[in-house]
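In the working numbering, the protein residues as written are 7 to 332.
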Amino acid sequence: MEEVAKVAGVSLATVSRALRTPEAVSPKLRARIGEVSQRLGYAPNPIAGSLAGARTPLIGVIVPSLTNSFFSGTLDQMTTLFEAKGYQLMIGQHGYDTEREERIVAAFASWNPSALVVTGRSHTRGTLATLSSATCPVVEMWDYGERPLDSGIGFSNRAAGELAARFFAEQGLKKAAFVGATLDKDDRACARADGFQEAFQRLTGSAPLIMPASSRELGEGGSALKRVMTSQPETEAIAFSGDMLAVGAMFEAERMGFSIPGDLKILGYGDLDIARHTNPRLTTIRPPHNEIGEAVVRHVLDRLDQRETPSVNLDLGVKLILRETV
């Protein structure tokens, strides 16, 4: 900027005004500064420029996984929408490790971001302290609870599990199971399992089998099915914490000679693209993938544009997508 000012024959302050508030500088000076900037290859650095101000044009977003299509889809949408308004995403993934999340949150907060977006409501004390002291908008997404730190936008995972249990109970089923991936690490999958277990037992009087799965992969779905049928051979229906597990179970069910939905009913979660293309097509529960990303961006931009905009706590709900596996 100093070089531009020297060549253009103006003060450093004039260059700064021309770049930050062009209307405060005469058209003649703006044209001269623009021509010199282009000739010298100068491009304003919004990060460096904001170090003397209040905010960087960065939005810190932290998710548990980049390979999980739920979160990658949300990130892709948020990137597009925020970039259209001049913001860039800093993306971190913690692999369902809350201590790692704490380190990422602290690192992102040190960049003085315009907003911080985290996934879920369960955090370490250190993360809670950092987020609570942040002077920028903070959004907890992909979950719903009574008291968010600042704003919350998501849905009740427990209610998603209850929906699955209620659907099975309404069909008169008495022997059911829930297969959940990484229940020891994933609070959201654990909440769905708890909701399913409590609701199914309350509605039918029968306790469902809860079967942990070590991953969300297709192969683990097949392995989990075999473990369920070994532990509870009379199982009539299985709800899965993810569509990929459910599809893997469908492949294994065919190898084991089970007819779906005649011998065994399968219910997924996620409504991934593959759910519409299995044979039979997978019945599943759809979380609000796109709606979450859109709502987060809209709320953050409102908060940044109008400081008096209040915090929100939104439950966007889930939907049962009826197809052919139940």
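Here a beta-carbon is modelled for each residue, glycine too, at the ideal position from N, C-alpha and C.
Note that the structure is a prediction, hence the values are computed from the model and not measured.
Pairwise C-alpha distance: residue j and residue i
i: Trp148; j: Phe161; result: 6 Å
i: Thr107; j: His129; result: For the sequence presented, residue 107 should be read as Glu rather than Thr. Roughly 8 Å separates the two Cα atoms.
i: Gln99; j: Ala255; result: 28 Å
i: Phe76; j: Thr85; result: 15 Å
i: Cys142; j: Ala175; result: 45 Å
i: Asp200; j: Arg131; result: 24 Å
i: Glu8; j: Gly126; result: 46 Å
i: Leu95; j: Pro33; result: 34 Å
i: Pro70; j: Glu89; result: 22 Å
i: Glu240; j: Gly178; result: 14 Å
i: Tyr48; j: Leu35; result: 16 Å
i: Ala183; j: Asp103; result: 27 Å
i: Trp117; j: Asp156; result: 19 Å
i: Phe114; j: Leu122; result: 8 Å
i: Thr188; j: Leu134; result: 23 Å
i: Arg26; j: Arg313; result: 20 Å
i: Glu105; j: Gly158; result: 21 Å
Helix, strand or coil at residue i [DSSP, three-state]
i: Gly15; result: coil
i: Val124; result: strand
i: Gln177; result: coil
i: Ser157; result: strand
i: Ala90; result: coil
i: Phe202; result: helix
i: Met147; result: strand
i: Leu95; result: strand
i: Leu326; result: strand
i: Asn319; result: strand
i: Thr289; result: strand
i: Leu81; result: helix
i: Ile110; result: helix
i: Val67; result: strand
i: Met217; result: strand
Beta-carbon spacing of residue i, residue j below 8 Å
i: Val253; j: Leu224; result: yes
i: Leu288; j: Arg329; result: yes
i: Val145; j: His305; result: yes
i: Gly228; j: Gly248; result: no
i: Ile266; j: Thr331; result: yes
Supposed close pair residue i, residue j - CB separation, criterion 8 Å
i: Thr80; j: Ile298; result: 6 Å
i: Val150; j: Asp321; result: A small fix is needed here, since residue 150 is Tyr in this sequence, not Val. So it is a contact: roughly 4 Å between Cβ atoms.
i: Tyr6; j: Ile65; result: Examination of residue 6 is not possible in this model, given that the chain is present from 7 through 332 alone.
i: Ala213; j: Val324; result: At roughly 24 Å, the Cβ-Cβ gap does not stay under 8 Å, so Ala213 and Val324 are not in contact.
i: Arg23; j: Val31; result: 5 Å
i: Gln83; j: Asn285; result: Their Cβ separation, rounded to whole angstroms, is 30 Å, which puts Gln83 and Asn285 out of contact at 8 Å.
i: Ala197; j: Arg153; result: Their Cβ separation, rounded to whole angstroms, is 16 Å, which puts Ala197 and Arg153 out of contact at 8 Å.
Check: Are the region 238-248 and the region 260-270 touching by the rule of at least three beta carbon pairs closer than 8 Å?
Finding: yes
Next item on the list: Kindly confirm or deny that the region 219-235 and the region 286-303 touch, where touching means at least three C-beta pairs closer than 8 Å.
Entry: no
Checklist line | Segment contact, 8 Å Cβ cut-off, at least three pairs: the region 197-205 with the region 171-179 | finding: yes
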